[in-house]
Structure formats: C-alpha cells, structure tokens
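Chemist: Chains as they are written, first to last, in this note's numbering: chain U, -5 to 186; chain H, -5 to 186. We treat Cβ as the ideally placed atom computed from N, Cα and C, and that holds for glycine. This structure is a prediction, so every number in the text was calculated from the model and none was measured. Sending over a structure as structure tokens; questions will come in a sec.
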DNA sequence: GGAAGACTAGGACAACTGACCTAATGTGTC
DNA sequence: GACACATTAGGTCAGTTGTCCTAGTCTTCC
C-alpha cells in the first residue's frame, strides 16, 4: 500500500531536482515521469498543468528555506555565526553550484526571462534570505543599514555563485568566502 | 539590391536580441523569422543549425565587448576611471537589466544548465572582462592580487545585476554602484 | 461483497520544434 | 542572351511538447 500523497511528493521532488539541474522549461513531463516511473497521463490527477508543478516546487523550496534558516538560530550562536552559516553554503553546496549555479538565482533569472506568472513567487525565496539576514544585522546593532547590509551579502554570494559556476573555480570561491567572512568581522557590534 | 551578408547579419542581430530577452532555448526559428521577416527555410542557407546561430551571436558579442573595452582606454583616463566605466554599466543598461538581467551572466547560466557545447565560448566573454579588469588593476600597481581584484569586481556587479533584476530595485543598484566606487577609491595606487 | 472514490496506465490529440529539400528568383559576368 | 551562383520561399518531415480522455485497478469503508 502506498502512503497517501506519495506519488505527488515524488513528482514534486523529482521536478525540484530537474528544474534545478536542467532548468524549468527544458524539463519535460517525460523527464519527470522517467524518474518517478509513472505514466505521463498520471500527472493530471495530481496537477492541472506544468505551471502547477512549478508552484508546488516553489512552495516546498520556500518551506525548506524557512526551516533551514530556523535551524541556524540555535542556542549559543551569535548573529555573526549565523551569517557565516549562510555565506558557507557556497562551499557546502559547491559540488552542485559548480555545475548548476545557485538554485534560487538561476530559477528567478529563468522565470524573469520567460516572464512567467510565478516569478513573483520564486522571488520570495530571495526575500526569505533577505529578511533573515536583515534581522541578523539588526541584532548586531545595525538599525538603519540592516537591509542594505543584507542585500550586500545576498548579491555578493550570488555573484560568486555565478562566476564560480562559469569558471568552475573552487579556489576563487573559497577566497571570496574568506573575504566575506573577513568583511563580516570588521563590522562593529553594538550592544544595546 | 541587397548588400552582401545583410540577411545573415540581420538574423544574428535579431537572434542576439531575442536570446537575451527570451533565452536561447525559448527562442524559436519562427521568432527570429518574424523579426527579420524571412521564411523559416531561409535559415539553412546561412547557418547549418540553431547552434550555429548561437555561435555567431557569441562571436559578435565577443567582438563588441572587445571594442567597448578598447574604447574605454581613451587618452587621459586613469585605470580607476576605466574600472568605473565598467561598474557603471549597471546604471547605463539598467532599463534592460531590470527586465532581462546581465546578458553575459544569464547566457552562461543557461548554457551551463543545458550543458551546451558552446558554453565554453560564452564564458570567454567573462574572460574578456576579467583580463581587461586585471590589466587595469595591474596598472594601479597591484601585481599579485590583480586577478583576485578583477574577479571581485566581476562577481560583485554580477550579483547586483541578479538581485536588481529579481527585486526590480533601482535604488539598491545605485547604492551598490556607489559602494563599489567608494571601495575602488580606498585602493592604494602605487606608481612605479 | 459491494459501492464509492482515489489513483494509475496508456493512448490520442493538436501544436510546435529544428531540420531538410526542392523549385524558383535574383544577381553578376562573360 | 547564356551561364553560374547566391539567395530565398514554401512545403515536408519526424520528433517532442503539454494537455486531455477513458478505461481500468486498487483501497477503504459500510
């Protein structure tokens, strides 16, 4: 007996992976069906269109991101520690990034070019990081420029992901990550 | 009478524009034919495949980039002036970037995901900027870290383009450009 | 065991893709 | 005018796409 919703979850999981590695448009129903091992016609019992699958994928990514960010807010960690956790994804996920780039950035870029209806939803993943980072900088005592600092970290890491992917250069990525951490250390910490 | 090679040039020009605005894969022969106002079958007299058109597009982009970089090497400009010219493309081309992102970054990202044979060629556009920027930093007296500085500028602007596109936020882009220029000013200038 | 509903397989559909072919037209040269 | 060649239009092709439909199977609950 199949657990309820298993097929649907498998479809979303496979689509999530394929959308990341091949791009949304370049991934066909046949591709997903091959991975999950179901017939093509089966999709339309769970989703009413391909865009529907995309929306489900974005939703799970939003969920996972939120959980990841929450997990980083452990006991005994400082805001700087947490920001470092974010910066270090570049190294943690390097084996994927070098081949497929940043999952968030590449999806948003593709949907922007397709002028896809769900691009706003996809951008919310960026917003999740932005708000979380902003909050960390606020805790460091940066009231006025917390958002600017958050955006700065966001764009910095985004650029490193893009260039690291293009040049397939781990040494450079490591170097930039160190630079980001060093920059972070120079920031003043104000206790209230 | 048609000037020689006009149609071919028109095809490349239209493809260049469409590849940028819609993405390579999402652009069909019909799309290009509509712009240039020729029949579909006509393509195969000038190009042997769609990939062939892509190669021609990349070649013209390489040419144009090279000319642009050469133009920036005017009389009486300092290396810092020239680097500033690069940074300010973000503002100059903002009306396009906000909708379609960076032409170089988005193409390289797409071709990486498609694992396309021409992705190496596309990356050469990045290399062009990289070498040029490296050269500017060398002229500023930075021998050992010239390449690292070049890559830093490259990734920084790349990230700003991606985030600026996602959030459609000119104020943020302006802010980051100012930050980059300020950072540039802090760099020491050593005369030999 | 029988009814109801969830789930699935597999085929069919029209639309579109890049690719290829051939016939026709234009252009320049001798 | 005759010839060679460059250029083009328009049709055809097989393959793939997302979508939809129907018939059938499995599961659950009474």
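Just checking my contact of residue 99 (chain U) with residue 155 (chain U) at CB under 8 Å: how many whole Å lie between their CB atoms?
Modeler: 6 Å between Cβ atoms; contact.
Chemist: Just checking, does the segment -3 to 17 of chain H make contact with the segment 161 to 176 of chain U on the three C-beta pairs under 8 Å criterion?
Modeler: With a cut-off of 8 Å, the segment 161 to 176 of chain U and the segment -3 to 17 of chain H do not count as touching, because too few Cβ pairs lie within range.
Chemist: Between the Cα of residue 31 (chain U) and those of U:20, U:7, U:83, U:50, spot the shortest distance and give me the residue it belongs to.
Modeler: Closest by alpha carbon: U:7.
Chemist: Please give me, in chain order, every unbroken run of the alpha helix (DSSP H) with length at least 4 that falls completely inside the segment 49 to 102 of chain H.
Modeler: Entirely contained in the segment 49 to 102 of chain H, the alpha helix (DSSP H) runs reaching 4 residues are, in chain order, 73 to 81, 83 to 86, 88 to 94.
Chemist: Report all residues from its chain with a CB closer than 8 Å to the CB of residue 105 (chain U); omit the five preceding and five following residues, and keep chain order.
Modeler: 18, 112, 113, 116, listed in sequence order.
Chemist: Any beta carbon of chain H sitting closer than 8 Å to that of residue 140 (chain U)?
Modeler: Judged by the 8 Å Cβ criterion, residue 140 (chain U) is not in contact with chain H.
Chemist: Starting from residue 161 (chain H), find everything on chain U with Cβ-Cβ shorter than 9 Å and list it in chain order.
Modeler: Per Cβ cutoff of 9 Å: 117, 120, 121, 124, 145.
Chemist: Can you name the residues of chain U whose CB is closer than 8 Å to the CB of residue 67 (chain H)?
Modeler: What residue 67 (chain H) touches in chain U: nothing, since even the nearest Cβ is about 24 Å away.
Chemist: Which residues mark the beginning and the end of the alpha helix (DSSP H) in which residue 118 (chain H) is found?
Modeler: Segment 113 to 133, the alpha helix (DSSP H) holding residue 118 (chain H).
Chemist: Between which two residues does the alpha helix (DSSP H) containing residue 17 (chain H) stretch?
Modeler: Note, residue 17 (chain H): premise wrong, no alpha helix (DSSP H); not H, not E.
Chemist: Count the other CB atoms, across all protein chains shown, that sit within 10 Å of the CB of residue 42 (chain H); report buried if there are 16 or more and exposed otherwise.
Modeler: By the neighbour-count rule (16 or more Cβ atoms within 10 Å), residue 42 (chain H) is not buried but exposed.
Chemist: Could you check whether residue 143 (chain U) and residue 136 (chain U) sit closer than 8 Å to each other, using their CB atoms as the reference points?
Modeler: Yes; because the gap between Cβ atoms is below 8 Å, this pair is in contact.
Chemist: Would you mind stating whether residue 48 (chain H) and residue 122 (chain H) have Cβ atoms separated by less than 8 Å?
Modeler: Not closer than 8 Å, so no.
Chemist: Does the beta carbon of residue 64 (chain U) come closer than 8 Å to any beta carbon on chain H?
Modeler: By this cut-off, residue 64 (chain U) is not an interface position.
Chemist: Here's the rule I'm using: 16 or more other beta-carbon atoms within 10 Å means buried, otherwise exposed. How should residue 107 (chain H) be labelled?
Modeler: Burial call: buried.
Chemist: Would DSSP call residue 167 (chain H) helix, strand or coil?
Modeler: Reduced to three states, the DSSP call for residue 167 (chain H) is helix.
Chemist: Taking Cβ positions only, does residue 130 (chain H) come closer than 8 Å to chain U?
Modeler: It does not: the Cβ of residue 130 (chain H) has no partner Cβ on chain U nearer than 8 Å.
Chemist: Any beta carbon from chain U within less than 8 Å of residue 107 (chain H)'s own beta carbon?
Modeler: Chain U, which has a Cβ nearer than 8 Å to the Cβ of residue 107 (chain H), makes this yes.
Chemist: Would you say residue 102 (chain U) faces chain H, with C-beta separation under 8 Å as the test?
Modeler: At least one chain H Cβ lies under 8 Å of residue 102 (chain U).
Chemist: If you reduce the DSSP assignment to three classes, tell me which class residue 109 (chain U) lands in.
Modeler: DSSP places residue 109 (chain U) in coil when its eight states are reduced to three.
Chemist: Is residue -5 (chain H) close to chain U, meaning its C-beta is less than 8 Å from at least one C-beta of that chain?
Modeler: Note that residue -5 (chain H) has pLDDT 40, beneath the 50 cutoff, so the model's placement of it is unreliable and the number below is only indicative. It does not: the Cβ of residue -5 (chain H) has no partner Cβ on chain U nearer than 8 Å.
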